[in-house]
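Just so we're aligned, residue 1 is where the sequence shown starts under UniProt numbering, counting upward by one.
Beta carbons: idealized from backbone N, C-alpha and C, even for Gly.
I have placed the structure first, in the form of structure tokens, so that the comments after it can refer back to it.
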Amino acid sequence: MQFAHIITIAGLAAGVIAAPVNGQKATFYNASVGIGACGRQLDESDMGVALSTEMNCKAFCGMNVEINSNGNTISAPVVDCCPGCNSDHIDVTPNIFESLNIPKSEGVADVSFFLG
């Protein structure tokens with residue numbers, strides 16, 4: 001019986017995480033800070049996402065995040081955690097900002113994102 005409850009809860013959590021949400025934000029960060037929370041060396045040339053620690057970010061290491069902004073879409077893996085981010089905010093490597101045609105001078109961009 002307990003096993004069935006665990007499966008049900010896990011299924012519900014996966015459904016919530018996979019749903020895109022509007023009104024989300026993205027910022028970018030210096031990815032050459034060493035080893036990310038997911039255990040790999042980060043580099044400025046990486047395409048990677050840092051999820052909020054509120055989202056239990058380490059549980060999603062390696063999972064792809066689809067990010068949409070300005071009519072552009074990119075998918076990149078979770079490589080790090082962002083302690084300063086809320087659950088509606090991701091921190092991305094500079095290459096992702098560029099790929100989405102977001103000027104780095106903007107600093108904070110309106111995006112929608114989901115894990116999937």
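Chain-order list of residues whose beta-carbon lies under 8 Å from that of residue i (same chain, five-residue window excluded)
i            : result
threonine 53 : Cys81, Cys82, Pro83 and Cys85
Where residue i falls: helix, strand or coil (DSSP)
i             : result
threonine 73  : strand
asparagine 95 : helix
alanine 59    : helix
serine 87     : coil
glutamate 54  : helix
serine 32     : coil
serine 105    : helix
serine 112    : strand
cysteine 81   : strand
alanine 26    : strand
Option in the options with minimal Cα separation from residue i
i             : options                        : result
alanine 26    : Ser45, Ala37 and Val49         : Val49
asparagine 30 : Asp46, Gln24 and Cys38         : Asp46
methionine 55 : Ser32, Ser112, Asn64 and His89 : His89
serine 112    : Ser87, Gly62 and Met63         : Ser87
Backbone CA spacing between residue i and residue j [nearest angstrom]
i             : j                : result
alanine 37    : threonine 73     : 25 Å
glycine 39    : glycine 23       : 30 Å
isoleucine 96 : phenylalanine 28 : 8 Å
isoleucine 35 : aspartate 43     : 9 Å
Residues near residue i in its chain [Cβ-Cβ closer than 6 Å; skip 5 each side]
i             : result
cysteine 57   : Leu51 and Cys81
valine 92     : Ala26, Phe28 and Val49
methionine 63 : Val78 and Leu115
Own chain partners of residue i with C-beta closer than 7 Å, once the 5 adjacent residues on each side are dropped
i                : result
phenylalanine 60 : Leu51, Val78 and Leu115
serine 32        : Leu42, Asp43 and Glu44
* Report yes or no: do three or more beta-carbon pairs, one from the stretch 102-112 and one from the stretch 73-81, lie closer than 8 Å? => Contact fails between the stretch 102-112 and the stretch 73-81, because fewer than three Cβ pairs, one in each stretch, are under 8 Å apart.
* Validate contact between the stretch 67-74 and the stretch 88-106 using beta carbons, cut 8 Å, 3 pairs -> These segments touch.
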